[in-house]
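Q: For reference, the structure I am asking about is given below.
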Amino acid sequence: MKYTLLWKPILKLVLRELFITILLLLGVSLLIFSILHFAPGDPLHIFINIQTQNPEEIAAIKRELGLDRGIAVQYLSWLNNLIRGNFGNSFRTGKPVFSELINVGVNTLILTIGSLIVTLLIAVPIAVVSSLRRRPFLSWGLTLFAYILSALPVFWLGYIAIYIFAKKFNIFPFLSAGAPSGFRLNWIYFLLPIIVLGIGNGSISEIIRHMRTQLERVLSEDYIKAAKAKGASIWRHSFKEGILIPVTTMIAAKIPFILGGAVVVEQVFNWPGMGRLAWQASLDRDYPVIMGITIFAAVVVHLGRLSQTIVFAFVNPQTSEKGEDA
Amino acid sequence: MRTRYVQRGAEVSEFSQIPIWRRANKKDLIQIGFGLIVVLFVLSSYIAAVLHLLPYDPLGINLKEMMQSPDYKHILGTDFMGRDILSRIIVGSQAYFMPGLLSIIIALFFGTMAGLVSGYNGGRTDSIISYILDLIDSIPKMVIILLAIAFFRPGIYFIMLIVGITNIPTVASLIKSKVIFLKKRNFIEAAKALGLKTRDIIFKHILWYNCKAIVIIQATLGMAEVILIETSLSYLGFGVQEPEPSWGNMVAAGKDYFFRGDFFLSTAPAVAILISILGFYLLGDGLNNLLEWRRRR
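Same order as they appear, the protein sequences are chains H and A. Sequential numbering of the first sequence, starting at 179, is according to this note's numbering. Sequential numbering of the second sequence, starting at 44, is according to this note's numbering.
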């Protein structure tokens, strides 16, 4: 009885969270859409500069892009298409947004998730060591080291990495001019930016601070003392509340931050990712692409939150009974 | 969810009885001292600029003295146009400080208000405010900033306004969880029973007596983040533009020389970024140890 999981409340909680997520995504799309349409600038300028000033042709282009309709109609038709899985076509290239998004989105996701793992690999051991308080000066030194790592400007770190690997060891494609696509490159091309972003994204110190506080709190709970007195492993008993929950919390909180850092690292390493697509699309006022990118980013952010909710619900079923996120 | 400070009744009440100057240990003092040095450096850069105390004109091009390595005349050497790097670094700290203060004030003011209202009232007000804050939080900060830059071609103050808005949810959630924690405590019940005005309870007994620490710590951490964002933007070429010095665009300008083996041009501003972000982090951490919950030893 004690160990049976209560599936029903967990499912209810997840459904509730999904509902809120969908509401938020709707809000995000509406917000971005209205900013797009009230901001100065016009998607037509990319056509008009090249082709013509003829008002009839301009009207024809407008009709073709669907820009002659009212804003509300445009938004609803965009939404209608989205529900059917159609992100629309890019104004500039005419290609479907979805395929373009998947191409670069996967690259950015690899960079983001990979560097998140690197960050955790550095931060979690330091947090665990310093929460034990056995060697105060070692843990202070480690914490300071982590602070220095997270204060490093990521672009400069990128320069150093490129310099060392390209100039000295000659194994990194030195600032490859044509942005390469696909997976045929050697592993270091992927690994170097991931490690650089993982070290330099500036969230290591915050993860350590959060984890240390939580772990210390858990380690001073009575049930850990009881486990110690019994001679049982304290790590097995403190794992769920002391490590799993803080780590998922931090993952969910830091995904947007690292996505942002990815934009900078993409620039340093010529990484064919979302940052560059977003920049080009914003300059061109390529509405469908911008909408696609923001929705994609928001979905990634909310996937992190959703997984956090699920982990919370499994670790501590009380949260689902109360029906509020802890 | 965001970082949350662990507060447990007994510990806080014991801790709050120790006077502030006796709470610090050696590590805290080192951290806070280092942070204060960084703050003083930035403040003194303004004084130096106003009183013409800079060693050289940060914009003054001197083609006879290009790419000098550090010596007694130019303490940090000169860049590819013969401009004194030390002067440029000193003035470069101004690129983020005032705009950063604006963003911090916005984030703290609106974040505190939102956190107080939604935490104290709860119910429907809370859901509406939480929805709006979650909306801001759903889009990665850098994406919002880049969109704004592409659309409006704004100055640094406008960018920092947006940074401030995107920081509201963090502050609000911290304040909110603190308010929810405090609301259940006896002294608030007592204040209500005594018939104090709601306004007094919220602003005096909750905000002023119990949330000061969060606000101060968030201000220092916010400044560290502002430096990160400003330097990243200037590095990408969207922030402060080239003749005006900013640490980010100084790193970017030294890029070509870096790969040729002249590390100093990029490294000097990068180290300045490193030291000042570190300073604000450590200041926040040290203040956190002093003002907030401290682990028992």
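Positions of the beta carbon are idealized from the N, C-alpha and C atoms, including for glycine.
(1) Quick check: Asp180 (chain A) and Pro142 (chain A), are their CB atoms within less than 8 Å of each other?
(2) Assign Ser317 (chain H) to buried or exposed, taking buried as 16 or more other Cβ atoms, counted over all protein chains shown, within 10 Å of its Cβ.
(3) Rounded to the nearest angstrom, how far is the Cβ of Val442 (chain H) from that of Ile372 (chain H), given a contact under 8 Å?
(4) Ordered along the chain, which non-local residues of its own chain (more than five positions away) have a Cβ less than 6 Å from that of Lys184 (chain A)?
(5) How far does the alpha helix (DSSP H) with Thr121 (chain A) in it reach, from first residue to last?
(6) Using a Cβ-Cβ distance under 8 Å, would Lys184 (chain A) count as near chain H?
(7) Output, in chain order, the set of chain H residues within a Cβ distance shorter than 9 Å of Ser220 (chain A).
(8) What distance in whole Å lies between the Cβ atoms of Gly291 (chain A) and Tyr300 (chain A), which are believed to be in contact at a cut-off of 8 Å?
(9) What are the partner residues of Asn267 (chain H), as DSSP defines its beta bridges?
(10) Rank H:Asp246, H:Thr271 and H:Ala410 by C-alpha distance to the C-alpha of Val467 (chain H) and give the top, closest one.
(11) Taking only beta-carbon atoms, is Val206 (chain H) less than 8 Å away from chain A?
(12) So who's on the other strand from Asp127 (chain A), going by DSSP bridges?
(13) Could you check which residue in H:Phe474, H:Leu422 and H:Gln458 has the C-alpha nearest to that of Ser132 (chain H)?
(14) Please determine whether the Cβ atom of Gly378 (chain H) lies at a distance below 7 Å from any heavy atom of the ligand MG.
(15) Residues of chain A with CB under 8 Å from His480 (chain H), in chain order?
(16) Please decide whether Leu279 (chain A) counts as near chain H, where near means a Cβ-Cβ distance under 8 Å.
(17) Select from H:Trp457, H:Ala491, H:Leu257 and H:Arg241 the residue whose C-alpha is nearest the C-alpha of Ile187 (chain A).
(18) So, for Ser289 (chain A): in the same chain, excluding its five sequence neighbours on each side, which residues have a beta-carbon less than 8 Å away from its beta-carbon?
(19) Taking Ile198 (chain H) as the reference, which of H:Val489, H:Ala476 and H:Ile471 has the closest Cα?
(20) Could you check the C-alpha separation between Gln398 (chain H) and Leu208 (chain H) for me, to the nearest Å?
(21) Check the Cβ of Lys70 (chain A) against every Cβ in chain H and list those closer than 8 Å, keeping chain order.
(22) In the DSSP assignment, find the alpha helix (DSSP H) that holds Trp449 (chain H) and state where it starts and stops.
(23) Quick check on the burial criterion: 16 or more other C-beta atoms within 10 angstroms. Buried or exposed for Asn258 (chain H)?
(24) Would Leu330 (chain A) and Ile259 (chain A) be called neighbours here (beta carbons separated by less than 8 Å)?
(25) Report the option in H:Ser411, H:Thr321 and H:Thr487 whose CA atom is closest to the CA atom of Ile385 (chain H).
(26) Should Gly166 (chain A) go down as buried or exposed, given a rule of 16 or more other Cβ atoms within 10 Å for buried?
(27) Since Ser416 (chain H) meets chain A, which of its residues come closer than 7 Å, beta carbon to beta carbon?
A: Quick answer:
(1) Against a cut-off of 8 Å, the Cβ pair of Pro142 (chain A) and Asp180 (chain A) comes out as no contact.
(2) Residue burial is scored here from C-beta neighbours: Ser317 (chain H) has at least 16 other C-beta atoms within 10 angstroms and is therefore classed as buried.
(3) In fact, because the Cβ distance is near 14 Å, the residues do not count as touching under 8 Å.
(4) Counting only Cβ-Cβ distances below 6 Å, and skipping sequence neighbours, we find Thr209.
(5) Counting along the chain, Thr121 (chain A) falls outside any alpha helix (DSSP H), and DSSP gives it neither H nor E.
(6) So yes, Lys184 (chain A) belongs to the interface.
(7) By Cβ distance, chain H contributes nothing, its closest Cβ being about 10 Å from Ser220 (chain A), past 9 Å.
(8) The pair is not a contact, with the Cβ atoms about 16 Å apart (cut-off 8 Å).
(9) Within the DSSP bridge table, the entry for Asn267 (chain H) names H:Pro274 as partners.
(10) Shortest Cα-Cα distance from Val467 (chain H) to any of H:Asp246, H:Thr271 and H:Ala410 involves H:Thr271.
(11) Yes, Val206 (chain H) counts as interfacial toward chain A.
(12) Under DSSP, Asp127 (chain A) shares a beta bridge with A:Thr121.
(13) A question about residue 132 (chain H) goes unanswered here, because the residues of chain H that appear run from 179 up to 504.
(14) For the ligand MG, the structure offers nothing, since it holds no ligand at all.
(15) Chain A residues near His480 (chain H): Ser181.
(16) Output row for Leu279 (chain A): interface = yes.
(17) Selected option, being the one with the closest Cα: H:Trp457.
(18) If we look at Ser289 (chain A) and ignore the five residues flanking it on each side, its Cβ neighbours are Gly135, Ala138, Tyr139, Glu273, Thr274, Ser277, Gly282 and Val283.
(19) Minimum Cα distance to Ile198 (chain H) is reached at H:Ala476.
(20) In the sequence under discussion, the amino acid at residue 398 (chain H) is Ser, which differs from the Gln named in the question. Each residue's alpha carbon lies about 47 Å from the other.
(21) Simply Trp318.
(22) Element bounds for Trp449 (chain H): n/a, residue is neither H nor E.
(23) By the Cβ-count criterion, Asn258 (chain H) is exposed, with fewer than 16 other Cβ atoms from all chains shown falling within 10 Å of its own Cβ.
(24) The Cβ atoms of Leu330 (chain A) and Ile259 (chain A) sit closer than 8 Å to each other.
(25) Relative to the Cα of Ile385 (chain H), the nearest Cα in the group H:Ser411, H:Thr321 and H:Thr487 belongs to H:Thr321.
(26) Around the beta carbon of Gly166 (chain A), fewer than 16 other beta carbons sit within 10 angstroms, so the residue counts as exposed.
(27) By Cβ distance, chain A contributes nothing, its closest Cβ being about 15 Å from Ser416 (chain H), past 7 Å.
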